[in-house]
Amino acid sequence: MSKSARPDHTLPLAMAGIIALAMESFLFGMFSMLYAIAIWILLYRERIRGRSKINKVLCLTSSTLWLLCLAHFAIDIARAVQGFAVQGQRAAGGASRFYSILGDPTNVAKQSVYGVTTLIADCFVTYRLWVIWSRVWWIVPGPVLLLLATAVSGIQSCSHVAWTKEDQDVFTNSDEPWIQAFFSLSLATNLLATILIMGRLICARRRVLRHCTEGIASPYRKALDTVIQSAAIYSVALATLLGMYLLKSNAQYVFLDTIQPIIVSLCLASLLARSSLLVVMPSVNHHG
């Protein structure tokens, strides 16, 4: 590999690992509290208003994503212990050398967990789009095709990481196209679904305003704000991750680890948005 293709070592791998773990710890703790609150709201709504299929999907998806986030966090802790407490004590630079081994089983497991989490989140975004558009079939082919392409690129990138030689890095030519495709396709899926959901919610709010007061329609605005904010945070983080990777900077490891809990927040924000919409439904039906 040519010298120009080498990554930017302004941020050493060991330092990137520590910063990423610190940020992931903070976000994981914050979103764990949000997860507990959201699940309580979900169960409360189900007990008050009766069971619904969407509640089960939200509960299962939120719980699965949170467990995957927990697994990712646990792997990062195990890697930090192995890198600094074990390898770092054996030789100078042992931690950086450990973090540079892409084919290490813990790193392969970590990347696999991230890939599965991203795919589940993208599947949920597509499902949410389908539900909000009253389950019409013609709205989902685009996101589904993007989702399938994301799955293929994710599987390929993980397999390349697993077979990476010890002297290679994540910016090698064999890995680069698949990783770039995975990040780009996931970002495109999220942006497309978010735009379509926003359009649907705006139209629904306008229809409600024709028959009800602004106070009755305000949950639609709140739901729209929640969807926009959650999608914007995830999109900006993912776009930054892609940018850092294209610049061949080790800072991409920091964003890679912090995106994991952000994905969970995306699902939880959808749950809270739906809860706010439930408040308005009896009033809308009464006025209609």
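For the sequence shown, the positions run -14 to 273 when the numbering used here is used.
Beta carbons are placed, not taken as given, at the ideal position from N, Cα and C, and that holds for glycine.
Residue i, buried or exposed, once every other Cβ within 10 Å from all chains shown has been counted against 16
i      : result
Lys95  : buried
Trp51  : buried
Met229 : buried
Cys54  : buried
Ile180 : exposed
Gly2   : buried
Residue i in three-state terms, based on DSSP
i      : result
Ser159 : coil
Ser119 : coil
Ile4   : helix
Length of the line joining the Cα atoms of residue i and residue j
i      : j      : result
His57  : Gln245 : 8 angstroms
Phe167 : Ala173 : 10 angstroms
Val93  : Tyr112 : 28 angstroms
Leu27  : Cys44  : 7 angstroms
Cys108 : Ile164 : 19 angstroms
Thr243 : Ser142 : 19 angstroms
Met8   : Arg192 : 43 angstroms
Leu114 : Pro126 : 11 angstroms
Val116 : Leu227 : 30 angstroms
Gln74  : Ile4   : 20 angstroms
Val221 : Ser171 : 12 angstroms
Host alpha helix (DSSP H) of residue i (start-end)
i      : result
Asp139 : Just to set this straight, residue 139 is Gly in the shown sequence, not Asp. Residues 126 to 147.
Gly79  : 79 to 84
8 angstroms Cβ cutoff, residue i in contact with chain B
i      : result
Ile182 : Absent here is chain B; the protein component of the structure consists of one chain.
Check: residue i C-beta below 7 angstroms from any heavy atom of the ligand NAP
i     : result
Leu52 : Only the bare structure without any ligand can be found here, which leaves the ligand NAP out of the picture.
### Within the region 40 to 64, ranges of the beta strand (DSSP E) (whole runs, at least 3 residues)
You should have found no qualifying run.
### Task
Pick out the complete beta strand (DSSP E) segments inside the region 159 to 186, 3 residues or longer, and give them in chain order.
none
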